[in-house]
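Below is one structure, written out as structure tokens; the observations come after it.
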Amino acid sequence: MSIGFDQYECDCTRTGFYGENCSTPEFLTRIKLLLKPTPNTVHYILTHFKGVWNIVNNIPFLRNSIMKYVLTCKYKSLRSSASSKENNAF
Numbered sequence: 001m002s003i004g005f006d007q008y009e010c011d012c013t014r015t016g017f018y019g020e021n022c023s024t025p026e027f028l029t030r031i032k033l034l035l036k037p038t039p040n041t042v043h044y045i046l047t048h049f050k051g052v053w054n055i056v057n058n059i060p061f062l063r064n065s066i067m068k069y070v071l072t073c074k075y076k077s078l079r080s081s082a083s084s085k086e087n088n089a090f
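In this text, residue positions in the sequence shown follow full-length UniProt numbering: the first is 1, and each later residue adds one.
What follows is the structure, given as structure tokens:
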């Protein structure tokens, strides 16, 4: 939201963040960010623990949920790397 020529005010409604630039996480958002695994951790879990994956693959709800999460993450990472290459191209 513009307030003047050199000032603005961020609308942080329903983002889970607050502050001048919507950069400070609220309590629950901070906990969620702390518990979210890094991409390297997710990759390690997905490529190891064969016994656990045999069990997960036999439970359709778990299998579908995990596959949806993995495919969504892969799509986002491919999209972000493609857009960064486009932005860096001269």
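Every residue gets a Cβ at the ideal spot worked out from N, C-alpha and C, and that includes glycine.
- A distance below 7 Å between beta-carbons, with the five flanking residues on each side excluded, links L33 to the following residues of its chain, in chain order: P25.
- Inter-residue distance for V56 and R79 is about 28 Å (C-alpha atoms, whole angstroms).
- Within the same chain, Cβ atoms closer than 7 Å to the Cβ of N21 are found at C10, the five residues on either side in sequence being excluded.
- Beta bridge pairing from DSSP links P25 with F17.
- As the crow flies, the alpha-carbon of Y75 is around 25 Å from that of V52.
- Minimum Cα-Cα distance from I45 among the listed residues R14, V70, R30 and Y18 corresponds to V70.
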